[in-house]
Structure formats: C-alpha cells, structure tokens
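Protein chains: 2
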Amino acid sequence: MERELLLLGLLRQTDMHGYQLHEFIHRNMASCVDLKKATAYYLLDKMTESGWLIPTEEQEGGRPPRRVYQLTEAGESAYQAMLRENLSTHYEARFTGDIGLAFLDSLPAEEAVNLLSHRRTALQAELDAAQTVPPHVGTSQLVIEHLVRHLRTELDWLDEVIRRIEPRSEQENT
Amino acid sequence: MERELLLLGLLRQTDMHGYQLHEFIHRNMASCVDLKKATAYYLLDKMTESGWLIPTEEQEGGRPPRRVYQLTEAGESAYQAMLRENLSTHYEARFTGDIGLAFLDSLPAEEAVNLLSHRRTALQAELDAAQTVPPHVGTSQLVIEHLVRHLRTELDWLDEVIRRIEPRSEQENT
DNA sequence: TTTTCCATGTAACTCGTTACATGATTTC
DNA sequence: GAAATCATGTAACGAGTTACATGGAAAA
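See below:
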C-alpha cells in the first residue's frame, strides 16, 4: 500500500510515465525504497483500472509509446486517504538479523565476534553512504535523517553486543 | 530463510511438533517474530523433504498424530550455515512509515501533527510493552533489548519531527 | 559497431497469509 | 452441553521479484 502512496504522491507533483517513475525512485530514493520496474508497471496498471490514474500515450520515434499518468479526482482522494493512514499508523519493524542473535550462544565467542564484525562493516558502510547523500528538498530530507538515526542506533547496539560477548582473553592477552 | 533458522534453532534444543513450535514462538517470541501456523507446517514439511528433519509420529488418543521433529546431520549443517550467514550479514531495514513523511508538506501542519500524534501513541504502547516483557534466558534477551533501543530511537525521532512541523501558532496562542 | 539507454510488457515463481476443514479432548 | 484447546492440513490468494522478450535510439 505504501508503494501506491509513493507513486500517487510523485504523480501528484508531476505527471510521469512508468520508466521515469522507476528511474526517479531509483536515483533519488534508493536509500529508503526499492521499487522494481515490474512492480511499478503492475501498480500503474492496477491503479489505472481502479480509476485513480489516466494514461496519455505519447508516441516518439519507433519505440514503445510512453504512457504518461495523471491523477484523477478518485486518485487524489485515494492519495489523501493513504497518506493519512500512513502517517497515523505505527508500523512495527521486524529485524531479521535478530534470530541469529537469539542463538548466539551456540557458537564459540571468538567466531561470533568475527561474524558480527563482518556485519558491522556492512552497517558502517550503509551509514557512511546515508550520511553522504546530498540534502533533499522539503520533507524528503526527513527520511534521510531518519535512516541515519536508525543506523547510528544499530551501530551502537551492535558494538555493545560485540563488547558483551567478547571473550575475556582479550584482556589477558594484552 | 530466517524462519527456517528459527525452527532449526529451536528444534536443535528440543524436539518438538509443529503445534508446539508455533505455540512456543507465539508465547515467547511474539515481540520479534510472528510465524503463522500454516507457515510453520509448510516449512517443516519442506525441511523434511530437504532431509534436514526426521519426523516421528506419536499417536495419542483419537486426534491427529503429533509429528515430532528431530534434526538430522544435514539439518545441523544447514543450521550452522544459516546462523553464520545471518550473523555476518547486515539486513537493511525499510521503514514503510517514511513514505508518508516524504509527502508531509501536502497537509496542513496542524493535521500532520494530529496524525503523527496518533502514530506516537501506538509507538509508545509498543515501547511500554517491550519494556515490560519478562527477562529472557541467554542471548534471547539481546533481541528484546534491541527492540527497546530501536523503539526509543523511533520515539525520539518522531518527537523531533512533530516539533519541527509544529505551527508557530502554538506559541502565539499561549 | 557494439554497448548502453529508452520503454514497455509478461509468465513463472517465492514467500507468506487468510480462511477455511476436520475431529477428538479437555475445560467451564 | 457449549466452548476452548489440541493437532493437523490445504486451497486460494496477494504482493512482490526474477528473468526473460522486444526493438528502436543514442553513445562509446
């Protein structure tokens, strides 16, 4: 449902065709959404059938005609409803990486630390990337900042986990 | 894949049947995983076909026989591989609630604050619930603590967003 | 001239959920 | 005797991804 909201929200600002929408999202929102082409086309078709969008075909050269989409009134109210729904509800996050944590004790401490350090590297990289994203206009900036906050918390957390399971030998060897 | 890891991890500790597994997860891990019955049965069948589990039928009374599952050696190595995979990779989180944020400016500030306050209430409730969960044994406790940390960050974040979009009139009216 | 980009589409598949059905057994 | 629990199962659906196919246009 939030993917539809995304498409509607973008189309409300400027009319676009599928390829363009996908491109835009991929370029400017890759850090927070990953909408595949197939999904974009599928949703646009569906929303057209629902009467939320009207496509206009633009022929240019010998390639497949662009279908530029425009919100209808029904589309606008769908947008309004979804936006309110989205803003007012709290979506629970599920951390798929936590199931491993629950079984951490079935590994020798040293190996556990190694594995988690690997995770840490990837996490750090994502954080670096997020912090390097050029500032966005308007409230899109909020999304970036949210991500950065989240990643910082994750990093802190991971460091604490590593510290906790680190074997004593670390100190003895020093 | 993490659901399989979960089932294998539990079965490695004690042999159980499907109903029992579902019950256990529902009772003790509801805050971090939600594994439906149908999914549990499906995965157990699949993993049995893969040769990771051997079921033993236990007839008791006139009800459907319990299928108690036990890890095979192949199951054990699958578990080992998945655990390492899970621990060493960083899974990116997607916040479905962020798409609304990106379009926040299409609403009057006052309404936006109202909607987000609603979200805040639900978030606070989940945080309260997470903080009230009785302490878990071993590293399962880590999962709870992770959730609490995450929710605290979310709450902080949400408060800041609300503060930022709060209309000036608040001060004027006081 | 070969590669990349533009622009669409679709069939098959995965993962998981929903919503049922069955029928004995225990609890109120 | 009604309701909840035990214990399984399955058919249908939904959302999304993968992996293709097409074919002209622009760039290397």
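So the sequence lines, in the order shown, correspond to chains A and F.
Every letter in the first sequence is one number past the one before it in this note's numbering, and letter 22, counting from 1, is 32.
Every letter in the second sequence is one number past the one before it in this note's numbering, and letter 128, counting from 1, is 138.
Glycine is no exception: its CB is placed at the ideal position from the N, C-alpha and C atoms.
This one's a predicted model, so the numbers in the text were calculated from it and none came from an experiment.
If you compare the alpha carbons of A:Leu63, A:Ile172 and A:Leu111 with that of A:Met26, the shortest gap goes to A:Leu63. About 6 Å separates the CB atoms of F:Val123 and F:Glu176; that is less than 8 Å, so the two are in contact.
Residue nearest to A:Glu95 within the set F:Pro144, F:Glu70 and F:His128 is F:His128 (criterion: CA-CA distance). Setting aside the 5 residues that flank it on each side, A:Thr66 is surrounded in the same chain by Val78, each with a C-beta closer than 6 Å to its C-beta; the list follows chain order.
Using a CB distance below 9 Å, the part of the stretch 68 to 98 of chain A facing chain F consists of Tyr89, Gln90, Met92, Leu93, Arg94, Glu95, Asn96, Leu97 and Ser98, ordered along the chain. Rounded to the nearest whole angstrom, the C-alpha separation of F:Gly19 and F:Glu33 is 15 Å. Burial state of F:Tyr52 is exposed, judged by a 10 Å Cβ sphere holding fewer than 16 other Cβ atoms. Within chain A, Cys42, Val153 and His156 have C-beta atoms less than 7 Å from the C-beta of F:Asp108, given in sequence order.
Cβ-Cβ separation between F:Ser98 and A:Leu125: approximately 4 Å, consistent with a contact (criterion under 8 Å). Residue-level contact check: A:Trp167 touches chain F, since one or more beta carbons of chain F fall below 8 Å from its beta carbon. Using a CB distance cut-off of 8 Å, A:Val143 does not count as an interface residue toward chain F.
Bridge pairing for A:Glu67: A:Arg77 [DSSP].
The C-beta of A:Glu176 comes no closer than 8 Å to any C-beta of chain F. Within the stretch 16 to 30 of chain A, the residues whose Cβ lies closer than 7 Å to some Cβ of chain F are Leu16 and Gly19, listed in chain order. The C-beta distance from A:Ala112 to F:Val153 rounds to 5 Å, short enough to meet the 8 Å contact threshold. Where A:His100 is concerned, there is no enclosing alpha helix (DSSP H), because DSSP gives it neither an H nor an E. One Cα belongs to F:Ser116, the other to F:Ala135, and the distance between them is close to 28 Å. A:Gly148 belongs to the set of residues whose beta carbon lies under 8 Å from a beta carbon in chain F.
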